[in-house]
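Numbering (the working numbering), first residue to last: 319 to 483.
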């Protein structure tokens, strides 16, 4: 596998996911503002804004996990980056990456089952099935596992510094 191609793919994937997250947060804020205006000033009797914004928030938050994985911001190893020898640091980082991939693969697998079971559950106000809200779990888990895998090939700065050896 070409590491450069993998890194370009991870970069592009992250670029798209970041924009989707920004769009979802913008939609969520607009819907919440509309809900407040509607409730206190317009009095139209619209009841879907709270539930819709909740589902949008769940999607945005879970998708953002893959962005954190791309930037390696999900695991706070800054302290270790400065004090561990490079070989130990590399081993620790790779071990945590493998654990992360295993965890998100587990979430992906069980998230698919959860999403399928959501076909029999219905949202209170919308009357739609819970497939779309529940699908955030396997989609975000798959994206995060891919980003962690791609990040495994990027060496932490302190680990690459020969002065630490």
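Ideal placement from N, C-alpha and C gives every residue a C-beta, glycine not left out. All of these numbers come straight from a predicted model, not from anything done at the bench.
Can you tell me where the alpha helix (DSSP H) holding residue 365 begins and where it ends?
First-last for residue 365: undefined, no H or E at that position.
Less than 7 Å between C-beta atoms, sequence neighbours within five positions excluded: which residues of the same chain meet that for residue 419?
So the qualifying residues of the chain are 463, 466, 467.
Between which two residues does the alpha helix (DSSP H) harbouring residue 463 extend?
454-469 is the extent of the alpha helix (DSSP H) around residue 463.
Could you give the distance in angstroms between the alpha-carbon of residue 444 and the alpha-carbon of residue 382?
Cα to Cα, residue 444 sits roughly 25 Å from residue 382.
Tell me the rounded alpha-carbon separation between residue 385 and residue 451.
Spanning the two alpha carbons is a distance of roughly 20 Å.
Pair every Cβ in the segment 405-413 with every Cβ in the segment 427-439, then say whether three or more of these pairs are closer than 8 Å.
Flag = no, the segment 405-413 and the segment 427-439 do not touch.
Just the Cα atoms here: how many angstroms apart are residue 460 and residue 411?
Rounded to whole angstroms, residue 460 to residue 411 spans 20 Å at the Cα level.
Starting from residue 432 and walking both ways along the alpha helix (DSSP H), at which residues does that stretch end?
Element bounds for residue 432: 404-435.
Whole angstroms is fine: what's the gap from residue 438's alpha carbon to residue 335's?
Spanning the two alpha carbons is a distance of roughly 29 Å.
Taking residue 455 as the reference, which of 376, 351, 367 has the closest Cα?
It is 376 whose Cα lies nearest to the Cα of residue 455.
Take the Cβ of residue 446 as the centre, count every other Cβ of all protein chains shown within 10 Å, and call the residue buried at 16 or more, exposed below.
Residue 446 should be labelled exposed.
In terms of alpha-carbon separation, which member of 449, 469, 415, 370 lies closest to residue 347?
Looking at the Cα atoms, 370 is the closest of the given residues.
Measuring alpha carbon to alpha carbon, tell me which residue in 425, 332, 415 is nearest residue 453.
The shortest Cα separation from residue 453 among 425, 332, 415 belongs to 425.
By how many angstroms is the C-alpha of residue 373 removed from the C-alpha of residue 422?
Roughly 21 Å between the two C-alpha positions.
Give me whichever residues DSSP pairs with residue 359 in a beta bridge.
Residue 359 pairs with nothing; no bridge assigned.
Assuming residue 388 and residue 332 form a contact by the criterion Cβ under 8 Å, report the distance between their Cβ atoms to the nearest whole angstrom.
With 8 Å as the limit, residue 388 and residue 332 qualify as a contact, their Cβ atoms being about 4 Å apart.
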